[in-house]
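Participant: Residue numbers (our numbering): 19 to 509.
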Ligand code: NAI
Ligand code: MG
C-alpha cells in the first residue's frame, strides 16, 4: 500500500481546509461609564483613589473604579445593619421574594448587555457569558426567591432565623454568577449584604447594582464596595459583620479562616480544586473526550471545579490521547467577543504569569507538553490549550491548582488505583467519572473525597444542586436547600 493521499471526511470537516468567518458580537449598545464608584445605601458613591479595569483580550482600559477604604466599608456595613434591623429582617418572606423575582427578571431583560460587559471585563468567550453565566445568575435569583417564604419548610421542625449582615468577597472567574450565588440565598434568608467584587472584574456587579436600584430594593439591603484585598479584609474583619462568605484562593481562604476564628462570625469558604476526570475503558469515549475538553477548557480553565487532572485507564490511554489531541487542535482560541470562540483571554497578566510558571515547572519536572499550533492574538493575555502526559502524582502540575487551560494526564489500571490517585491532593472539590456501568459509577463516586461528582458529564450546574468542597477546597455548600444553611441559624 502506498502513502495515503486522499482527504478524509474528518480532514474536510475539521482540518484547516475550512476557516470560520469572524462572527463578532456587537458591543455598540453598551455604554460604560468612565468611572464607577460603590453602591452604598441605595446610592452610587465615589471615593478618591481609583484603579483601572481593563479588557484582558486587548489590554485596553475599560473604566476607572474607586477603591473603598476601611471608612467606606464601615459606611456600607452601617447601611446594611440599618436595613437589616429596620426593614429586611422584619419584611415577610413573601415580600422579600417579590424583590428577588423582580431582580431575576431584570437580569434576563438586560442579559445581552450583561453578557457583553462580562466578556469585555473578564475575557471569557461571549457564548459562555451569554449561555451560562447570565442565565445561571438569573436562575439563582429565581430559585432562592422561591425559598424566601418557605424557610420553615426547608428545615422541618426547626426554628430558623436570619443572621444579620453578611460580608462577602468573590473572585474574577464568574463575576456575576458568584455575586448571584452569594447575594440570592443571603437575601432570601433575610440577611443584608456587603459584597466586594474582584478587582479585575468589577463591572457586571455595578450593573447588578443598577438593577437593585431600579427594582426598588430597599436602600442598604445590598451594598457593593470595590477594591483589592485590603477592601476584602476590611469587610471580613468588620466587627458588625455576622457572616463571612468567601470564594477565591486557598491561601486567602486560610487568612480569612484565621481572622474569623473566635469572633462568632459564621463562615463558608469555597476555595481551589484539582478535580480528577476519571475515564474507564467501558466509557463512551467520544462523549468522554467532549467532557474532558469541557472540564478543562471551559472558561480558560479558570474554574475551581475544573477537571484539571485526567485519569485514564491504561488500556485505552493511547486511543483517548489520540482523540483528545485531535479535538484540542479544533479549539478556536482568541477574541472572546467572537461567537465561535471556544477559549478566550486569560483574566489578567498575573494569572497568565502564574500559568506560564506552572507549565514551565511541568516541563522542567519531566512531563511531556502538547499544544496545538493555533494562532494567538498579538495583544492581550492568551495561553494555548495545553495537555501534559507522562505526569506523575508528585509533579507540581498534578498537585497545584493551575487555574488555566492546562490538563495533566495520569493513567491507572484498576478502579481502586483511580480512587487513590484522584484523592491524592490537598483539595476535594469536584470529580468526573465516565463509565457505561452504573454500579461502577456509584461505587467509585462513594469512594471519592469530593463535594461534587459528575457521572458521564462535567461542569453541570443547577441552582437546586448544592456545590462545595472538602479539605482545602473549603466548607459550606452553595445552591439548593443546603445553600440556605449558610445564611440561617437553625435551631
Ligand atoms: P484571591 O483569592 O486573591 O482573590 C479572590 C478575591 O479575594 C478577590 O476579590 C480579592 O480582592 C480578595 N482578597 C484578596 N486578598 C484578600 C484578603 N486578605 N482578605 C479578603 N479578601 C481578599 O485570588 P487571586 O490572587 O485572584 O488568584 C490566585 C489563585 O487563586 C489563582 O491562580 C487560582 O488558583 C486561585 N483562585 C481560585 C478561585 C476559585 O474559585 N477556586 C478563584 C480565584 C482564584
Ligand atoms: Mg477587567
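Heads up, the beta-carbon is just placed ideally off N, CA and C, and yes, glycines get one too.
Under the three-state reduction of DSSP, which class applies to residue 241: helix, strand or coil?
Facilitator: strand
Participant: Just to confirm, is the Cβ distance from residue 208 to residue 107 under 8 Å?
Facilitator: Contact: yes.
Participant: Taking C-alpha atoms, which residue in 395, 419, 176, 85 lies nearest to residue 375?
Facilitator: 419
Participant: Distance check for residue 28 and residue 37, CA to CA, integer angstroms please.
Facilitator: 14 Å
Participant: How many angstroms separate the CA atom of residue 441 from the CA atom of residue 476?
Facilitator: 18 Å
Participant: Look at residue 307 and residue 345 and say whether their C-beta atoms are less than 8 Å apart.
Facilitator: Their beta carbons are under 8 Å apart, which means residue 307 touches residue 345 by this criterion.
Participant: How would you call residue 481, buried or exposed, if buried means at least 16 neighbouring beta carbons within 10 angstroms?
Facilitator: buried
Participant: Can we say the stretch 385 to 401 touches the stretch 276 to 294, given the rule of at least three CB pairs closer than 8 Å?
Facilitator: With the cut-off at 8 Å, the stretch 385 to 401 and the stretch 276 to 294 do not touch.
Participant: Identify every residue that forms a DSSP beta bridge with residue 261.
Facilitator: 184, 284
Participant: Could you pull out every unbroken beta strand (DSSP E) segment of at least 3 residues lying fully inside the stretch 145 to 214, listed in chain order?
Facilitator: 178 to 180, 183 to 187, 210 to 214
Participant: Under 7 Å: does the beta carbon of residue 369 sit that close to some heavy atom of the ligand NAI?
Facilitator: Remark: the C-beta of residue 369 is in contact range of the ligand NAI, defined as less than 7 Å to any heavy atom.
Participant: Can you list, in chain order, the residues of its chain whose CB lies under 7 Å from that of residue 342, leaving out five sequence neighbours each side?
Facilitator: 307, 310, 405
Participant: At which residue ranges does the stretch 346 to 373 contain complete alpha helix (DSSP H) runs of 4 or more residues, listed in the order of the chain?
Facilitator: none
Participant: Relative to the C-alpha of residue 367, which candidate in 400, 360, 393, 85 has its C-alpha closest?
Facilitator: For residue 367, the nearest C-alpha among the options comes from 400.
Participant: List the endpoints of the continuous beta strand (DSSP E) containing residue 297.
Facilitator: Residues 294 to 297.
Participant: Which stretch, first to last residue, makes up the alpha helix (DSSP H) that contains residue 310?
Facilitator: 303 to 315
Participant: Sorry if obvious, but does the Cβ on residue 104 come closer than 7 Å to a heavy atom of the ligand NAI?
Facilitator: No.
Participant: Would you mind sorting residue 148 into buried or exposed? The rule is 16 or more other CB atoms within 10 Å of its CB.
Facilitator: Residue 148 is classed as buried because its beta carbon has at least 16 other beta carbons within 10 Å across all chains shown.
Participant: Along the chain, where does the alpha helix (DSSP H) that runs through residue 73 open and close?
Facilitator: First-last for residue 73: 68 to 73, but that is the beta strand (DSSP E), not the alpha helix (DSSP H).
Participant: Could you give the C-beta distance for residue 176 and residue 508, rounded to a whole number, given that I count them as a contact under 8 Å?
Facilitator: 5 Å
Participant: Going by DSSP in three states, residue 344 sits in which element: helix, strand or coil?
Facilitator: helix
Participant: If you pair each beta-carbon of the stretch 222 to 241 with each one of the stretch 258 to 277, do three or more pairs fall below 8 Å?
Facilitator: Flag = no, the stretch 222 to 241 and the stretch 258 to 277 do not touch.
Participant: Which residue's Cα is closest to the Cα of residue 558: 389, 450, 114, 154?
Facilitator: Missing from the structure shown is residue 558; the chain here goes from 19 to 509 and no further.
Participant: Look at the alpha carbon of residue 54 and the alpha carbon of residue 492, and state the distance between them as a whole number of angstroms.
Facilitator: 32 Å
Participant: Identify whether residue 275 lies in helix, strand or coil by the three-state DSSP scheme.
Facilitator: helix
Participant: Do you know how far the Cα of residue 448 is from the Cα of residue 323?
Facilitator: Each residue's Cα considered, the two are about 5 Å apart.
Participant: Output the distance between the C-alpha atoms of residue 327 and residue 103, rounded to the nearest integer angstrom.
Facilitator: 47 Å
Participant: For the stretch 446 to 475, list the alpha helix (DSSP H) runs that are entirely contained and at least 4 residues long, ordered along the chain.
Facilitator: 456 to 465
Participant: Answer yes or no: do residue 10 and residue 56 have a C-beta to C-beta separation smaller than 8 Å?
Facilitator: There is simply no residue 10 to check, as the chain begins at 19 and stops at 509 in what is shown.
Participant: Quick check: the stretch 417 to 433 against the stretch 313 to 321, are there 3 or more CB pairs under 8 Å?
Facilitator: yes
Participant: Can you check which of these residues, 340, 136, 181, 87, is closest to residue 225 by C-alpha distance?
Facilitator: 136
Participant: Just the C-alpha distance for residue 252 and residue 96, rounded to the nearest angstrom, thanks.
Facilitator: 13 Å
Participant: Taking the alpha carbon of residue 410 as the point to measure from, which residue in 443, 398, 182 has its own alpha carbon closest?
Facilitator: 443
Participant: Out of 213, 470, 167, state which residue places its alpha-carbon closest to the alpha-carbon of residue 112.
Facilitator: 167
Participant: To the nearest angstrom, how far is the alpha carbon of residue 434 from that of residue 470?
Facilitator: Between the alpha carbons of residue 434 and residue 470 lies a gap of roughly 19 Å.
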